[in-house]
Every structure is written in structure tokens, then in C-alpha cells.
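Reading through the C-alpha cells given below for one structure.
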Amino acid sequence: MGKNPVIFIASDSAGETGEAVVRAAAVQFYPQHVDVRIVPFLEDRAGIDRLVRTAKEQDGIIVFTLVIPELRDYLVEQSIRHQLLYIDLLGPILGSLEKKLEQESRHQPGMIHPLDEDYFKKVEAVEFAVKYDDGRDFTGVLQADIVLVGVSRTSKTPLSMYLAHKKFKVANVPLVPEIQPPEQLFTVSNKKIVGLRITPEKLNIIRSERLKALGLPKTAMYATVERINKELEYADQIMNRIGCTVIDVSNKAVEETASLIIDLYRGG
143 MGKNPVIFIA SDSAGETGEA VVRAAAVQFY PQHVDVRIVP FLEDRAGIDR LVRTAKEQDG
203 IIVFTLVIPE LRDYLVEQSI RHQLLYIDLL GPILGSLEKK LEQESRHQPG MIHPLDEDYF
263 KKVEAVEFAV KYDDGRDFTG VLQADIVLVG VSRTSKTPLS MYLAHKKFKV ANVPLVPEIQ
323 PPEQLFTVSN KKIVGLRITP EKLNIIRSER LKALGLPKTA MYATVERINK ELEYADQIMN
383 RIGCTVIDVS NKAVEETASL IIDLYRGG
């Protein structure tokens, strides 16, 4: 497995539509990591030129949701000229609808995301997930709607971001035997805490692939059976002490686990 592929999401709006599609596709290749970079609010050829130069340097793929025809055509032209792989997400759909409806589209960026209260809640939730990711700041446990706990590589970060796009404020805390868990985990309501469990065999495969992607040997302690069993036993002890709901993510896609978590949150 070579270096992680880089996908640039170009948009004349916020880029959320392209990001959602790319991440939905990328999860099918888990545990292979895809480096997703959003290039929002493109409004002129100079911006596209900068994007194309960077994508060329990174040997990346350009996925775009440009609704302004002039920008869309220019990006396609430059992508072909520089031999870059590109994917136009909206162009074929807009063209088909224009033919079917016998009406030209409005070519107005950002119509799908009006700056209303709902939109700002989503932005706030995403910022929260980034700030309180991977135990960076344990005060997030007190403020979060949902707290995810589990050992490394149980999809805590992807789940946090997915749930953030559903407007949930999520903090996630890694459980490591050598590190004392934050006291906040035992003082907040256990109904908002979700433990993520995984089988030793599945975790070994995921961690081994991660080491391979980083160019490290599979024999590293991170992926050994002994280390994995020790971490999982420790995580079970902490989850039992908390008394939280536990979900086995061994064979579940991020979307499936997120759906279960949302049902638990709304049901609780």
C-alpha cells in the first residue's frame, strides 16, 4: 500500500456536498486512509490555477461541485491539460435536469446551505468535534452531547465527524492502559457515553494495515496480539465501571454505528 491518496474537493460554496459524497465513498476502503482536503468558495480562475498546481504536486484527484459554468469548464480544461484525474459531481445531474425540465439552472452557489440556525449548529458541532478529538481537552466531556470511548482504531474520530454533521457535539476519549482516564467520564451521565468495542482479530488487521501504510513493521508493539488484548481488557474494565452502552464496531460501517448511537441518544 503506497501513500494515502489525496482528494481535493473544489466548490464555489462551502464544499459540504462534495465532502459528504467523498467520505461516503472513502469509508468503503477502510482501513485505507484517504486524505480529504476542501477547497471552498472558488470564485475565479486564479483560485482554480492554485488548486490545479497543488493537486499536480500531490498527484491528487480533484472532485468538484461547481455550479458556475465558466468555472466548471475552466477546471475541466486545466485538469485535462495537466493530466489530473477529475470528477464532476453536479455537472451531469444539472445537465440532465435542464434537458428534462427544459429550463436552465440558476447557476447560483450555496443554495443548498442557507445561513440559517440549522447550518450554524452544524458548523459549531464540527468545530467542537475537532477541538475535543482524541482526548485533547477533557473538559469537552462535560459539554458534549455524546462521548465516545474506546481503544485506538475503533473509528472514534470518523464517528465524531459524522455525528457532528448531524449536529451532535461529540467528544472522544482514547482508553490506554498507561494513562488514567479523565475523572469527567465518571461524573457525567453514563447515558451520553458510548463505548466502542472491537474483536482482537479485527483490531489486529486494522492496526497492521495502519503500520504498513506508515511504512512501519507489523511487529511493532501497537499491533501485537498481547498488546491488543491488554488494551481491550483495560477498555472493558473502564466501560463496565462507567456503566455505559457498548457497541461492537468490528463489522460495522461508520454510518451504521452512528445510526445506532443517534437512536440511543434520542431514546435516552
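In terms of the numbering used here, the sequence shown has 156 at position 14, counting the first letter as 1, and numbering is strictly consecutive.
Every residue gets a Cβ at the ideal spot worked out from N, C-alpha and C, and that includes glycine.
Keep in mind that this is a model prediction, so the values were computed, not measured.
{"Item": "With DSSP collapsed to three states, give me the class of asparagine 393.", "Value": "coil"}
{"Item": "Would you list the residues sitting across from threonine 207 in a DSSP beta bridge?", "Value": "Ser153"}
{"Item": "Where do the ends of the alpha helix (DSSP H) carrying proline 300 lie?", "Value": "298–306"}
{"Item": "Can you tell me whether valine 148 is helix, strand or coil according to DSSP?", "Value": "strand"}
{"Item": "Who are the near neighbours of isoleucine 229 in its chain, counting only those whose CB is closer than 8 Å to its CB and skipping five residues on each side?", "Value": "Ile203, Ile204, Val205, Phe206"}
{"Item": "Taking 9 Å as the cut-off, decide whether the C-beta atoms of isoleucine 340 and serine 401 are in contact.", "Value": "no"}
{"Item": "Judging by CA-CA distance, which residue of Lys264, Leu243, Leu290 is the nearest neighbour of aspartate 276?", "Value": "Leu290"}
{"Item": "For asparagine 314 and leucine 226, what's the separation of their Cα atoms in angstroms?", "Value": "37 Å"}
{"Item": "Could you give the residue range of the beta strand (DSSP E) that holds asparagine 314?", "Value": "312–316"}
{"Item": "If we ignore side chains and look at the alpha-carbon of each, how far apart do proline 211 and lysine 198 end up?", "Value": "23 Å"}
{"Item": "I'd like to confirm the pairing. Which residues does DSSP put opposite glycine 337 in its beta bridges?", "Value": "Val291, Val388"}
{"Item": "Ends of the alpha helix (DSSP H) at tyrosine 133?", "Value": "Outside the displayed range of the chain (143 to 410) lies residue 133, so it cannot be described from this structure."}
{"Item": "Which term fits threonine 329, buried or exposed, when burial requires 16 or more other beta carbons within 10 angstroms of its beta carbon?", "Value": "exposed"}
{"Item": "Measure how close the beta-carbons of isoleucine 190 and glutamine 220 come, nearest whole angstrom, since I'm counting them as under 8 Å.", "Value": "6 Å"}
{"Item": "Let me confirm a value: valine 396 is counted as buried when at least 16 other C-beta atoms fall within 10 Å, else exposed. Which label applies?", "Value": "buried"}
{"Item": "Does DSSP put valine 218 in a helix, in a strand, or in coil?", "Value": "helix"}
{"Item": "Return helix, strand or coil for leucine 239, following the three-state DSSP convention.", "Value": "helix"}
{"Item": "Within the continuous alpha helix (DSSP H) that includes arginine 187, where are the two ends?", "Value": "187–200"}
{"Item": "Under DSSP, the beta strand (DSSP E) around valine 178 begins and ends at which residues?", "Value": "177–181"}
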